[in-house]
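Undergrad:
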Amino acid sequence: MALTGEQKEVKMMSELSNKVLLQYESLQREYEKIKKECKKMQEERDEALRKLKEFEQVSHRVIEEVNNIQENLEIEKTCRENVEALASKLNRQNRSLKRKSMLFMSRLGADVVAEIGLDDEDDEDPQEEESAVCSSSHCQIVITELRDKLEVILAEKKQIAIDLETTKEQLCQTRQELLKEKHDNTVLIAETFQQKKLLGKYNRVSQYALDEFEALQDDLNLERDLRSEAEKFAHEMLVEQKKLKRQSQMLIQSVSPTEALEKALAEINTLTHTLETQRLEHQQQKKDVSTEIALVEKDDSEKTPANSSGALDLPQIEKTQSEPGQNTRDQNTPQHTTTTVCTDQLKPS
1 MALTGEQKEV
11 KMMSELSNKV
21 LLQYESLQRE
31 YEKIKKECKK
41 MQEERDEALR
51 KLKEFEQVSH
61 RVIEEVNNIQ
71 ENLEIEKTCR
81 ENVEALASKL
91 NRQNRSLKRK
101 SMLFMSRLGA
111 DVVAEIGLDD
121 EDDEDPQEEE
131 SAVCSSSHCQ
141 IVITELRDKL
151 EVILAEKKQI
161 AIDLETTKEQ
171 LCQTRQELLK
181 EKHDNTVLIA
191 ETFQQKKLLG
201 KYNRVSQYAL
211 DEFEALQDDL
221 NLERDLRSEA
231 EKFAHEMLVE
241 QKKLKRQSQM
251 LIQSVSPTEA
261 LEKALAEINT
271 LTHTLETQRL
281 EHQQQKKDVS
291 TEIALVEKDD
301 SEKTPANSSG
311 ALDLPQIEKT
321 QSEPGQNTRD
331 QNTPQHTTTT
341 VCTDQLKPS
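Just so you know, we're using full-length UniProt numbering here: the sequence shown kicks off at 1 and counts up by one.
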């Protein structure tokens, strides 16, 4: 009955160890899956960071270009203001020179004025008018070109400002995604750490179960060996008893009662001495085995305190070991009865 209980415990421990191994394998597969997902998310994060860096570089280039365009606009504006100031200054100087020339011409004679006026009108006035017209038309063309350039630059500036706003929005969105990915990575790392702790616990439990299974297996093998030795010893004793019984019967039939009695008594003494010696040896072997089992259980209890509930108790083992001894003692008692019967038969009437 004790053997069946031990077999049940061994079977239960093997089932528990198999279940723990299956859970360990499933957790390991889940850990590999989470590790791959984490690696994929890290690659996506690196890609997002690279795009973010590119957006920052583009935005910096756009800002630099906008600043250059603004500087060019400021330079063109200052140049145009300077040109307008110089033109107004030249106009004032021309008007002052005309007034001065009219003043000097009024002091000269009419003939000299007419000659000078005719010569000047023939020679200088057309050129001055052409130069004035050309200079004014050229200025208008330059101003028109500058206005066109200014409109184009303003349109480009507006487009660049729109692109800059779009880039900023994309940058903010990318940063939010990056923060979200960081949070997800933190959560995954925490889950991975928890799963590692759980795997460590499962490993320790499986190791404890394996140690207890090995201890139970050793105890079971030891008990089987002891039982087989006890059965062998009992069988030998039974054979010896039958042999002695046959010999005693033969002696009773062949020898006189006195000689048969003496021989039977001598054989009984020899057999009693042999049985006592073997009984003492068997008890000593049982004590040695019990000591070894106690030491093994003590080592197991020191290694795995949680396994004390699943191990076999020493009294149960001693009980299982004492069963062969009891069998041998039960088998030895008929021998004494037969010997007494033989002595009674051998007594002289």
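Even for Gly, the Cβ is constructed at its ideal location relative to N, Cα and C.
Should the segment 195-207 be called in touch with the segment 90-105, which here means at least 3 C-beta pairs below 8 angstroms?
TA: Segments in contact, no.
Undergrad: Rounded to whole angstroms, what is the Cα-Cα separation between residue 351 and Lys-39?
TA: Any answer about residue 351 is impossible in this case: the structure gives the chain only from 1 up to 349.
Undergrad: For Lys-157 and Val-66, which I take to be in contact (beta-carbon distance under 8 angstroms), what is that distance rounded to the nearest angstrom?
TA: For this step, residue 157 is matched to residue 157 along the sequence shown. For this step, residue 66 is matched to residue 66 along the sequence shown. That pair is a contact at about 6 angstroms.
Undergrad: Take Arg-175 as the anchor and find which of Ala-48, Leu-21, Val-10 and Val-62 has the nearest alpha-carbon.
TA: Counting from one through the sequence shown, the residue named residue 175 turns up at place 175. Out of Ala-48, Leu-21, Val-10 and Val-62, Ala-48 has the C-alpha closest to the C-alpha of Arg-175.
Undergrad: Express the C-alpha separation of Asp-184 and Gly-200 in angstroms, rounding to a whole number.
TA: Here residue 200 refers to the residue found at position 200 of the sequence shown. Here residue 184 refers to the residue found at position 184 of the sequence shown. Approximately 24 angstroms between the Cα atoms of the pair.
Undergrad: Quick one: measure Cβ to Cβ for Leu-86 and Ile-153, integer angstroms, because I've assumed they're closer than 8 angstroms.
TA: In the sequence shown, counting from the first residue as 1, residue 86 sits at position 86. In the sequence shown, counting from the first residue as 1, residue 153 sits at position 153. No, Leu-86 and Ile-153 are not in contact; Cβ-Cβ is about 24 angstroms, not under 8 angstroms.
Undergrad: In whole angstroms, what is the alpha-carbon distance linking Glu-9 and Glu-212?
TA: Here residue 9 refers to the residue found at position 9 when the sequence shown is read from its first residue. Here residue 212 refers to the residue found at position 212 when the sequence shown is read from its first residue. Computed Cα separation, rounded: 10 angstroms.
Undergrad: What does a CB cutoff of less than 8 angstroms around Leu-27 pick up in its chain, not counting 5 residues either side in sequence?
TA: Here residue 27 is taken as the residue at index 27 of the sequence shown, counted from 1. Excluding positions up to five away in sequence, the list reads Gln-195, Leu-198, Leu-199 and Tyr-202.
Undergrad: Short of 8 angstroms in beta carbon distance, which residues of its chain neighbour Asp-163, apart from the five on each side in sequence? Order them along the chain.
TA: Here the question's residue 163 lines up with position 163 in the sequence shown. Answer for Asp-163: Val-62, listed in chain order.
Undergrad: Restricting to Cα atoms, I'd like to know which of Gln-207, Met-41 and Val-58 is closest to Leu-188.
TA: By one-based count along the sequence shown, residue 188 stands at place 188. Measuring from the Cα of Leu-188, the nearest candidate turns out to be Met-41.
Undergrad: By how many angstroms is the C-alpha of Asp-148 removed from the C-alpha of residue 351?
TA: Residue 351 cannot be examined here, being either before or after the span of the chain that is shown, 1 to 349.
Undergrad: Please name the residue in Leu-220, Asp-299, Gln-173 and Thr-277 whose C-alpha comes closest to that of Phe-55.
TA: Counting from one through the sequence shown, the residue named residue 55 turns up at place 55. The candidate whose alpha carbon is nearest that of Phe-55 is Gln-173.
Undergrad: At the level of alpha carbons, what is the spacing between Ile-34 and Thr-186?
TA: Residue mapping note: residue 34 aligns to position 34 of the sequence shown, counting from 1. Residue mapping note: residue 186 aligns to position 186 of the sequence shown, counting from 1. Computed Cα separation, rounded: 12 angstroms.
Undergrad: Would you decide whether Ser-228 is buried or exposed? Buried here means 16 or more other CB atoms lie within 10 Å of its CB.
TA: One-based indexing of the sequence shown puts residue 228 at position 228. Classification for Ser-228: exposed.
Undergrad: Do Arg-45 and Leu-178 have their CB atoms nearer than 8 angstroms?
TA: Translated into the one-based positions of the sequence shown, residue 45 becomes position 45. Translated into the one-based positions of the sequence shown, residue 178 becomes position 178. Their beta carbons are under 8 angstroms apart, which means Arg-45 touches Leu-178 by this criterion.
Undergrad: Closest to His-282 by C-alpha separation, out of Gln-247, His-273, Leu-271 and Phe-233, would be which residue?
TA: Residue mapping note: residue 282 aligns to position 282 of the sequence shown, counting from 1. Checked all of Gln-247, His-273, Leu-271 and Phe-233; the closest Cα to His-282 is Phe-233.
Undergrad: Just to confirm my understanding: we take Leu-210, look at its own chain, exclude 5 residues before and 5 after, and list those with CB closer than 8 angstroms. What are they?
TA: The residue labelled residue 210 in the question sits at position 210 within the sequence shown. Cβ neighbours of Leu-210 beyond the five flanking positions: Ser-17.
Undergrad: Just checking my contact of Tyr-31 with Thr-192 at CB under 8 angstroms: how many whole Å lie between their CB atoms?
TA: Taking the sequence shown and counting its residues from 1, one reaches residue 31 at position 31. Taking the sequence shown and counting its residues from 1, one reaches residue 192 at position 192. Indeed, because the Cβ distance is near 7 angstroms, the residues count as touching under 8 angstroms.
Undergrad: Does Leu-261 pass the burial test, meaning 16 or more other C-beta atoms within 10 Å, or should it be called exposed?
TA: Sequence index remark: in the sequence shown, residue 261 carries index 261 (1-based). Leu-261 should be labelled buried.
Undergrad: Using 8 angstroms as the threshold, is the C-beta distance between Val-58 and Thr-167 below it?
TA: Taking the sequence shown and counting its residues from 1, the one referred to as residue 58 is at position 58. Taking the sequence shown and counting its residues from 1, the one referred to as residue 167 is at position 167. With a cutoff of 8 angstroms on beta-carbon distance, Val-58 and Thr-167 are scored as near each other.
Undergrad: Report, in whole angstroms, the separation of the C-beta atoms of Ala-215 and Val-296, which I expect to be a contact under 8 angstroms.
TA: Reading the sequence shown from its first residue, position 215 is the one you call residue 215. Reading the sequence shown from its first residue, position 296 is the one you call residue 296. 7 angstroms between Cβ atoms; contact.
Undergrad: DSSP three-state call for Val-133: helix, strand or coil?
TA: Taking the first residue of the sequence shown as 1, we reach residue 133 at position 133. Interpretation of Val-133 is limited by its pLDDT of 42, a score under 50 that renders its predicted location unreliable; the figure taken from the coordinates is listed afterwards. Val-133 falls in the helix class under three-state DSSP.
Undergrad: Is the beta carbon of Glu-76 less than 8 angstroms from the beta carbon of Leu-146?
TA: Translated into positions along the sequence shown, residue 76 becomes position 76. Translated into positions along the sequence shown, residue 146 becomes position 146. Going by C-beta atoms, Glu-76 is nearer than 8 angstroms to Leu-146.
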